[in-house]
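The listed protein sequences correspond, in order, to chains A and B. The first sequence maps to residues 179 to 499 in this note's numbering. The second sequence maps to residues 179 to 499 in this note's numbering. Down below is the structure, laid out as structure tokens.
Protein chains: 2
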Amino acid sequence: MRYTRQILLYMRIYVETAFPGSYKELLRHSLQKDQLAFRDEITTEEERLNTLLKADILLGNPKPAYILQEATNLKWVQLLSTGFEYYSNVHTSAIVTNLQDFYSSPCAETVIAGILALYRGMDTCTLLKSRQKWVGHALRVNLQLLYNKKVIILGWGNIGRRVAENLKGFNCDIQVYSRSSGQIRSTDELKQRLPDADIVIGCLPGTEQTKGLFSEEMIYLMKPTAIFCNVGRGNLLQNEQALIDALYQRKLGGAVLDVTFEEPIPADHPLWNCPNTILSQHTGGGYSAEYEGMIQTFLENLEAFKNGRPLQNQVQLSKGY
Amino acid sequence: MRYTRQILLYMRIYVETAFPGSYKELLRHSLQKDQLAFRDEITTEEERLNTLLKADILLGNPKPAYILQEATNLKWVQLLSTGFEYYSNVHTSAIVTNLQDFYSSPCAETVIAGILALYRGMDTCTLLKSRQKWVGHALRVNLQLLYNKKVIILGWGNIGRRVAENLKGFNCDIQVYSRSSGQIRSTDELKQRLPDADIVIGCLPGTEQTKGLFSEEMIYLMKPTAIFCNVGRGNLLQNEQALIDALYQRKLGGAVLDVTFEEPIPADHPLWNCPNTILSQHTGGGYSAEYEGMIQTFLENLEAFKNGRPLQNQVQLSKGY
Numbered sequence: 179m180r181y182t183r184q185i186l187l188y189m190r191i192y193v194e195t196a197f198p199g200s201y202k203e204l205l206r207h208s209l210q211k212d213q214l215a216f217r218d219e220i221t222t223e224e225e226r227l228n229t230l231l232k233a234d235i236l237l238g239n240p241k242p243a244y245i246l247q248e249a250t251n252l253k254w255v256q257l258l259s260t261g262f263e264y265y266s267n268v269h270t271s272a273i274v275t276n277l278q279d280f281y282s283s284p285c286a287e288t289v290i291a292g293i294l295a296l297y298r299g300m301d302t303c304t305l306l307k308s309r310q311k312w313v314g315h316a317l318r319v320n321l322q323l324l325y326n327k328k329v330i331i332l333g334w335g336n337i338g339r340r341v342a343e344n345l346k347g348f349n350c351d352i353q354v355y356s357r358s359s360g361q362i363r364s365t366d367e368l369k370q371r372l373p374d375a376d377i378v379i380g381c382l383p384g385t386e387q388t389k390g391l392f393s394e395e396m397i398y399l400m401k402p403t404a405i406f407c408n409v410g411r412g413n414l415l416q417n418e419q420a421l422i423d424a425l426y427q428r429k430l431g432g433a434v435l436d437v438t439f440e441e442p443i444p445a446d447h448p449l450w451n452c453p454n455t456i457l458s459q460h461t462g463g464g465y466s467a468e469y470e471g472m473i474q475t476f477l478e479n480l481e482a483f484k485n486g487r488p489l490q491n492q493v494q495l496s497k498g499y
Numbered sequence: 179m180r181y182t183r184q185i186l187l188y189m190r191i192y193v194e195t196a197f198p199g200s201y202k203e204l205l206r207h208s209l210q211k212d213q214l215a216f217r218d219e220i221t222t223e224e225e226r227l228n229t230l231l232k233a234d235i236l237l238g239n240p241k242p243a244y245i246l247q248e249a250t251n252l253k254w255v256q257l258l259s260t261g262f263e264y265y266s267n268v269h270t271s272a273i274v275t276n277l278q279d280f281y282s283s284p285c286a287e288t289v290i291a292g293i294l295a296l297y298r299g300m301d302t303c304t305l306l307k308s309r310q311k312w313v314g315h316a317l318r319v320n321l322q323l324l325y326n327k328k329v330i331i332l333g334w335g336n337i338g339r340r341v342a343e344n345l346k347g348f349n350c351d352i353q354v355y356s357r358s359s360g361q362i363r364s365t366d367e368l369k370q371r372l373p374d375a376d377i378v379i380g381c382l383p384g385t386e387q388t389k390g391l392f393s394e395e396m397i398y399l400m401k402p403t404a405i406f407c408n409v410g411r412g413n414l415l416q417n418e419q420a421l422i423d424a425l426y427q428r429k430l431g432g433a434v435l436d437v438t439f440e441e442p443i444p445a446d447h448p449l450w451n452c453p454n455t456i457l458s459q460h461t462g463g464g465y466s467a468e469y470e471g472m473i474q475t476f477l478e479n480l481e482a483f484k485n486g487r488p489l490q491n492q493v494q495l496s497k498g499y
């Protein structure tokens, strides 16, 4: 797709995301000639809709999803997420881009941080510190090493690859479950390998194929010392309660859960008291320079868009990738 | 040194370390022909001394240090530690071996676990879990990435090397302070590099040269976002209180301390409330298979000793390595 440079120098950009003030200033400063409209600065719902309908470009993830379909003037939508299953039934002629591997480093590091926290007792030491209590030597017998562990990574997208990269220096035996490119191609093969794994890391996107993929049976096929991690989508688990039961009954060694069925986790939920469990509260993708990174990604794509060059991270809403 | 096989088949072995029962059984089972004496099974101090004085081999770290010098019948001492500065003034004709890189993997992993805990909010999430409190998205702005960070490793022994290896998959810029083999050879050079570092990791043994090496000035040369880690010896810091002040005053981003001046840390010590600080209570070297590993190391060396082969991990007490 090519536009003449002249037409596209002045774009009407609708910003869905509620950026903190300093990041709005960064956008305004970077885009002095374009018309920027920030959703959270428009007072009525009607006016918001009108502004969106006239916009050329949308920055952020609008709700409800069908609004995207109604905004027929849109030429490009920059989603500020990696996943976009929320829009899977939307038809739009606009180019859609997402953040693809933007979250892979933070998500991968959160998983490694969680595993190492359990193995090296960071959770226990944090609680002891808050109670000003020294236990010292007696803690050592509960510690484990990541070195040499057998790891199964579920999913070979950007997060899964980054997890494998982060694990490079720990001499782990890594096997990948991916229907197209893994050493493990089917759930039957996965079931055969699970009893040997020390760590299973779910890095799958939310699609119809991955929903409930990790069954109750699979949880119980894992060693009682093994760790289950999930940094993809909460619904990867067929039955989250089965995982919780396995943890309470010490039939599973631990869990690192960035995503869960219910978010926020309600105050009386059994996950809160689950032993050997790290709950990172869906912060896996976060880091202090997150907004800057989003804006940087958007500006780079905008420059390409204005100059008729292909955009980075284009996706097909209906296909899920 | 060579002994005839016959004489050395039956050794008098004095076990200083108070092994749990199952590990004593493992030793007894493995050494049926040797005379094993476990210190904690001998009732009087006099009898203990007599048994030690007759022993051919000592397993463990005796206190006080001069006992080692008095036990002139000893042919080999297997220390069950990496450091041995406690024995630096002891003269003995016995071969002395230590555990050298036995603790390097666990120590290195504890440091990486601590850094990632701070960067990815594992400490915060652990405390929130204990309070059953969801914060979620608002936590993200406080998170950091290990990816691409500038790291200075103080000391290029087994732990420092293993730390560097563990960091392989995080694309860090690593510089090593080591007088013999680092990119940074002197404390003056170190001072020049400190303002650029995101992470400083102390992995130095306790010698006269390393005592107080990391000065108050150096702490304040670090960035206010930087993390100071110490998994070597607590006395690497010239002034621990200066580190504590810097953390309280947010002139330093965080600390991961496996070792401290006082151990145990007293209940009213300011370290307990230090912000952004992981206190791993000198558990860095620990892991569940630690005793098994020690016994394995000892048995391998014993086999070599009985067969007149050179022992692994020999050290010179007076030299410090």
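Every residue, glycine too, gets a C-beta built ideally from N, C-alpha and C.
When the cut-off is 7 Å and only beta carbons count, does residue i lie next to chain A?
| i | result |
| --- | --- |
| THR221/B | no |
| HIS207/B | no |
| CYS285/B | no |
| TYR325/B | yes |
| ARG190/B | no |
| ILE473/B | no |
| PHE197/B | no |
| ASN479/B | no |
Residues of chain B with a CB under 7 Å from the CB of residue i: which are they?
| i | result |
| --- | --- |
| ARG428/A | Result: empty, since nearest Cβ-Cβ is about 15 Å, beyond 7 Å. |
Just confirm the distance between the C-beta atoms of residue i and residue j, as a whole number of angstroms; I'd bet it's less than 8 Å.
| i | j | result |
| --- | --- | --- |
| TYR355/B | ILE330/B | 6 Å |
| CYS452/A | LEU425/A | 5 Å |
| PHE392/B | GLY412/B | The Cβ separation is near 11 Å, so there is no contact. |
| LYS369/B | MET396/B | 6 Å |
| ALA404/A | ILE422/A | Not quite, the Cβ-Cβ distance comes to about 16 Å (not below 8 Å), so this is no contact. |
| CYS303/B | SER200/A | At roughly 26 Å, the Cβ-Cβ gap does not stay under 8 Å, so CYS303/B and SER200/A are not in contact. |
| ASN491/B | LEU277/B | 7 Å |
Within the same chain, show all residues whose beta-carbon is closer than 6 Å to that of residue i, passing over the 5 residues directly before and after it, in chain order.
| i | result |
| --- | --- |
| ARG357/B | ARG363 |
| MET472/B | LEU258 |
| PHE348/A | LEU324 and TYR325 |
For residue i, go through chain A and note every residue whose CB falls closer than 9 Å to its CB, in chain order.
| i | result |
| --- | --- |
| ASP279/B | Per Cβ cutoff of 9 Å: no residues; ASP279/B is ~12 Å from chain A at best. |
| GLU468/B | ARG318, VAL319 and LEU321 |
Cβ of residue i less than 7 Å from any chain B Cβ?
| i | result |
| --- | --- |
| HIS460/A | yes |
| MET300/A | yes |
| GLN310/A | yes |
| GLY464/A | yes |
| ASN344/A | yes |
| ILE331/A | no |
| LEU421/A | no |
| GLY347/A | yes |
Here's a check: name, in chain order, each residue in its chain whose Cβ is nearer than 8 Å to the Cβ of residue i, leaving out the five neighbours to either side.
| i | result |
| --- | --- |
| TRP312/B | LEU306 |
| PRO198/A | TYR469 |
| GLY410/B | LEU332, GLY333, ILE337, GLY380, CYS381, LEU382, PRO383, GLY384, THR388 and VAL437 |
Which residues in chain A have a C-beta closer than 7 Å to the C-beta of residue i? List them in chain order.
| i | result |
| --- | --- |
| GLY292/B | MET300 |
| PHE262/B | Per Cβ cutoff of 7 Å: no residues; PHE262/B is ~18 Å from chain A at best. |
| ALA375/B | Within chain A, no residue comes near ALA375/B; the closest Cβ sits about 18 Å away, beyond 7 Å. |
What does a CB cutoff of less than 7 Å around residue i pick up in its chain, not counting 5 residues either side in sequence?
| i | result |
| --- | --- |
| PHE476/A | LEU237 and GLN256 |
| LEU214/B | ILE191, VAL193, LEU205 and ARG206 |
| ASN239/B | GLU194, LEU257, LEU258 and SER259 |
| LYS202/A | PHE216 |
| ARG298/A | LEU321 |
| GLN416/B | GLY390, PHE392, SER393 and GLU394 |
| ASN344/B | ALA286, GLU287 and ILE290 |
For a contact defined as C-beta to C-beta under 8 Å, what are the partners of residue i on chain A?
| i | result |
| --- | --- |
| TYR297/B | GLU287 and ALA291 |
| TRP450/B | LYS307 and GLN310 |
| GLY508/B | With chain B covering 179 to 499 only, the question about residue 508/B has no answer from this structure. |
Starting from residue i, find everything on chain B with Cβ-Cβ shorter than 8 Å and list it in chain order.
| i | result |
| --- | --- |
| LEU317/A | GLN459, THR461 and GLY464 |
| ALA249/A | None at all; the shortest Cβ gap to chain B is about 26 Å. |
Can you pull the chain B neighbours of residue i, defined as C-beta to C-beta under 9 Å?
| i | result |
| --- | --- |
| ILE456/A | MET300, CYS303, THR304 and LYS307 |
| ALA445/A | GLN310, LYS311 and TRP312 |
Original post:
Do the region 486-496 of chain A and the region 269-277 of chain A touch if we need at least three Cβ pairs shorter than 8 Å?
Top reply: The answer is yes - the region 269-277 of chain A touches the region 486-496 of chain A, with three or more Cβ pairs under 8 Å.
Original post:
Are at least three pairs of beta-carbons, each pair with one atom in the region 312-325 of chain B and one in the region 476-486 of chain A, less than 8 Å apart?
Top reply: These segments do not touch.
**OP:** Could you tell me whether the region 245-254 of chain A touches the region 223-231 of chain A, using the rule of 3 or more Cβ pairs below 8 Å?
**Re:** Short answer: they touch.
Original post:
Given 8 Å as the limit, is there contact between the region 425-434 of chain B and the region 289-301 of chain B, that is, 3 or more CB pairs closer than that?
Top reply: Result yes; three or more Cβ-Cβ pairs closer than 8 Å.
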